[in-house]
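Student: Our numbering applies: residue -18 is where the sequence shown begins, and numbers increase by one. Don't be surprised by glycine CBs; every beta carbon is placed ideally from N, CA and C. Treat the numbers as computed from the prediction; the structure is a model and nothing was measured. Structure below; questions to follow.
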Amino acid sequence: MKAILMTAPGGPETLELADIPMPELPGPDYVRVKLHAAGVNPVDTKLRKTAAYYPDRLPCVLGCDGAGVVERVGANVHRFTPGDEVYFFNGGLGAEQGNYAEYTVVHQDYVAFKPRHVTMEEAAALPLVLITAWESLVDRTCLAEGQSVLIHAGAGGVGHIAIQLAKQIGATVITTVGTPEKAAWVTHLGAERVVAYRDADFVQAVLDWTHGRGVDVVLDTVGGANLCRSFSCTRVYGRVVTLLQMDCPAEAIRLARLRNLALVQELMLTPTLLNLHEQRVHQRRILEEGARLVEADKLKVKVSHVLPLEEATRAHRMIEEGHTTGKIVLRIV
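Here it is, written out as structure tokens:
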């Protein structure tokens, strides 16, 4: 079968189109999926640069997000039959083959039925960003109806899903973006206040919007100074969740402590990396709930570019340039 192999740590040029053996079912609880599309995420580019989780497993296939059709099922599989359309977060971290390929195998407990009435490309764009946004806002910070949330980079992959989830919860949203076009789009998604971070200080904008109180919750998808400055506009006893490593100067940490902030780190890869079965099942249930929201027209994913599988290198370059809105997807069939 055709697949994109990461041959060594390094730049996008280390990705090569190759023929590799068809994956066999590793056990009776697995399904084999004929992949139609694979989502491309920033984590793919970071893993490609360093091979952090699999330095001894190269070459390997990247890609955590997949959507396709069940082609074969193991003897114990009871949730699916051949022909079912599915989507999932699985593989791409070293131990399990990723989704930049024509076929993959997945444990049945980690697979969800694809949302109806959306394309395979849209389904493949959802898993990582949906799980990340859900775990950040629902599981980790317990965002509640009537509360306020600052979502950084609202036009990004996680950001645009997080805005919609926050609105479903009943929260009010302020978000940061880089261009007027992105501002118009996130307003359409439901954000009540949009800050063009190149033209305005988001801290002051948040404080003005909340009459000096600060927001109840911050979702940081940027890291660095962006995260550290967010402490100043989070309400006392508020909650801050970041997708990046916390590396703030001592004065920022002292401010967070003074304001009694709960500082939370979100890494949705943890269940896969630590082989935590129940937590992976929970992530599948998030995908099932997300599918219900999509089918009820309450959640939409934006796919900005669909590229053929053989253009994975281009997809990685586009992500690293940092100007995309929504998600990039590889079309496999």
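#1: Would Pro230 be called buried (16 or more neighbouring beta carbons within 10 Å of its own) or exposed?
#2: Whose C-beta lies closer than 7 Å to the C-beta of Lys283 among residues of the same chain, with five residues either side of it excluded?
#3: Going by DSSP in three states, Leu200 sits in which element: helix, strand or coil?
#4: Using the C-alpha atoms, what's the distance from Asp228 back to Lys324?
#5: Using 8 Å as the Cβ pair cut-off and three pairs as the minimum, do the stretch 176 to 188 and the stretch 107 to 118 touch?
#6: Rounding to the nearest angstrom, what Cα-Cα distance links Ala177 and His88 in this structure?
#7: Would you kindly work out how many angstroms separate the C-alpha atoms of Arg179 and Ala296, rounded to a whole number?
#8: Could you tell me the alpha carbon to alpha carbon distance between Val198 and Val222, rounded to whole angstroms?
#9: In terms of residue numbering, what span does the beta strand (DSSP E) encompassing Asp46 cover?
#10: Within 8 Å, do at least three Cβ pairs link the stretch 154 to 169 to the stretch 85 to 105?
#11: Please report how far the alpha carbon of Ser213 lies from the alpha carbon of Asn241, in whole angstroms.
#12: Report the partner residues of Ala286 according to the DSSP bridge assignment.
#13: Near Thr(-5), what residues of its chain come up, given a Cβ to Cβ distance below 8 Å and the 5 sequence neighbours on each side ignored?
#14: Within the present structure, is the beta-carbon of Gly47 separated from the nearest heavy atom of the ligand ZN by less than 7 Å?
#15: Could you check which residue in Ala18, Ala293, Lys(-17) and Thr153 has the C-alpha nearest to that of Glu173?
#16: Where Gly205 and Thr157 are concerned, what is the direct C-alpha to C-alpha distance, given to the nearest angstrom?
#17: Using DSSP's beta-bridge definition, name the partner residues of Cys209.
#18: Please classify Ala76: does DSSP put it in a helix, a strand, or coil?
#19: Let me know if Pro289 comes out buried or exposed under the rule of 16 or more other beta-carbons within 10 Å of its beta-carbon.
#20: Counting only the same chain and skipping the five closest in sequence on each side, list residues whose C-beta sits under 8 Å from that of Glu247.
#21: Taking contact to mean 3 or more Cβ pairs, one atom from each stretch, closer than 8 Å, check whether the stretch 60 to 77 and the stretch 119 to 138 are in contact.
#22: What's the call for Leu255, buried or exposed, on a 16-neighbour Cβ count within 10 Å?
#23: Beta-carbon separation of Gly73 and Leu43 under 8 Å?
#24: State the start and end residues of the unbroken beta strand (DSSP E) segment that holds Ala243.
#25: On the CB-based measure, 16 or more other CB atoms within 10 Å of its CB, does Thr253 come out buried or exposed?
#26: The beta strand (DSSP E) that contains Leu131, what's its start and end?
#27: Can you list, in chain order, the residues of its chain with a C-beta nearer than 7 Å to that of Thr26? Leave out the 5 residues immediately preceding and following it.
#28: Does the Cβ of Asp0 have 16 or more other Cβ atoms within 10 Å, making it buried, or fewer, making it exposed?
#29: Starting from Ala177 and walking both ways along the beta strand (DSSP E), at which residues does that stretch end?
Tutor: Based on what the coordinates show:
#1: If you number the sequence shown from 1, residue 230 lands on position 249. By the 10 Å Cβ count, Pro230 comes out exposed.
#2: Here residue 283 is taken as the residue at index 302 of the sequence shown, counted from 1. Here the set comprises His141, Thr306, Gly307 and Lys308.
#3: What you label residue 200 is simply residue 219 of the sequence shown in a count that begins at 1. In this structure, Leu200 counts as strand in the three-state DSSP scheme.
#4: Residue coverage of the chain in this structure runs from -18 to 314, which leaves residue 324 outside it and unanswerable.
#5: Verdict: no, contact absent.
#6: In the sequence shown, the residue the question calls residue 177 occupies position 196. In the sequence shown, the residue the question calls residue 88 occupies position 107. Rounded to whole angstroms, Ala177 to His88 spans 43 Å at the Cα level.
#7: Taking the sequence shown and counting its residues from 1, one reaches residue 179 at position 198. Taking the sequence shown and counting its residues from 1, one reaches residue 296 at position 315. If you draw a straight line from the Cα of Arg179 to the Cα of Ala296, it comes to about 26 Å.
#8: Start at 1 with the first residue of the sequence shown, and residue 198 comes out as number 217. Start at 1 with the first residue of the sequence shown, and residue 222 comes out as number 241. Going by the C-alpha atoms only, they are around 8 Å apart.
#9: Within the sequence shown, residue 46 is the residue found at index 65, counting from 1. Membership of Asp46 in the beta strand (DSSP E) is indicated by the continuous run Asp46 to Val54.
#10: Taking a cut-off of 8 Å on C-beta distances, the stretch 85 to 105 does not touch the stretch 154 to 169, as fewer than three cross pairs fall below it.
#11: As a working mapping, residue 213 is identified with position 232 in the sequence shown. As a working mapping, residue 241 is identified with position 260 in the sequence shown. Rounded to whole angstroms, Ser213 to Asn241 spans 12 Å at the Cα level.
#12: Taking the first residue of the sequence shown as 1, we reach residue 286 at position 305. It should be pointed out that residue 286 corresponds to His in this sequence rather than to Ala. Here His286 is bridged, per DSSP, to Ile309.
#13: For this step, residue -5 is matched to residue 14 along the sequence shown. Apart from sequence neighbours up to five positions away, the residues of its chain that approach Thr(-5) with a beta-carbon distance below 8 Å are Met(-13), Thr(-12), Ala(-11) and Arg29, ordered along the chain.
#14: Ligands in the displayed structure: none, and consequently the ligand ZN is not present.
#15: The residue given as residue 173 occupies position 192 in the sequence shown. Relative to the Cα of Glu173, the nearest Cα in the group Ala18, Ala293, Lys(-17) and Thr153 belongs to Thr153.
#16: Your numbering for residue 205 matches position 224 in the sequence shown. Your numbering for residue 157 matches position 176 in the sequence shown. Distance between the alpha carbons of Gly205 and Thr157: 15 Å.
#17: What you label residue 209 is simply residue 228 of the sequence shown in a count that begins at 1. Paired residue(s): none; Cys209 is not in a bridge.
#18: The residue given as residue 76 occupies position 95 in the sequence shown. If DSSP states are grouped into helix, strand and coil, Ala76 belongs with coil.
#19: Sequence index remark: in the sequence shown, residue 289 carries index 308 (1-based). Counting Cβ neighbours within 10 Å, Pro289 comes out exposed, since fewer than 16 surround it.
#20: Here residue 247 corresponds to residue number 266 of the sequence shown, with the count starting at 1. Here the set comprises Thr113, Glu116, Ser117, Arg121, Val222, Thr223 and Leu224.
#21: No: the two stretches stay apart, fewer than three of their Cβ pairs being nearer than 8 Å.
#22: Numbered from its first residue, the sequence shown carries residue 255 at position 274. Exposed, since its Cβ has fewer than 16 Cβ neighbours within 10 Å.
#23: Position 92 of the sequence shown, counted from the start, is the residue given in the question as residue 73. Position 62 of the sequence shown, counted from the start, is the residue given in the question as residue 43. Yes.
#24: As a working note, residue 243 is residue 262 in the sequence shown. Looking at the DSSP string, the run of the beta strand (DSSP E) that includes Ala243 is Ala243 to Gln246.
#25: On the sequence shown, position 272 is the one that residue 253 refers to. Looking at its Cβ environment, which holds 16 or more other Cβ atoms inside 10 Å, Thr253 is buried.
#26: Taking the first residue of the sequence shown as 1, we reach residue 131 at position 150. Following the DSSP letters along the chain, one finds Leu131 inside the beta strand (DSSP E) bounded by residues Ser129 to Ile132.
#27: By 1-based counting over the sequence shown, the position of residue 26 is 45. So the qualifying residues of the chain are His297, Ile300 and Glu301.
#28: As a first step, residue 0 is located in the sequence shown; it is residue number 19 there, counting from the start. Exposed is the call here.
#29: Translated into the one-based positions of the sequence shown, residue 177 becomes position 196. First-last of the beta strand (DSSP E) with Ala177: Arg174 to Ala177.
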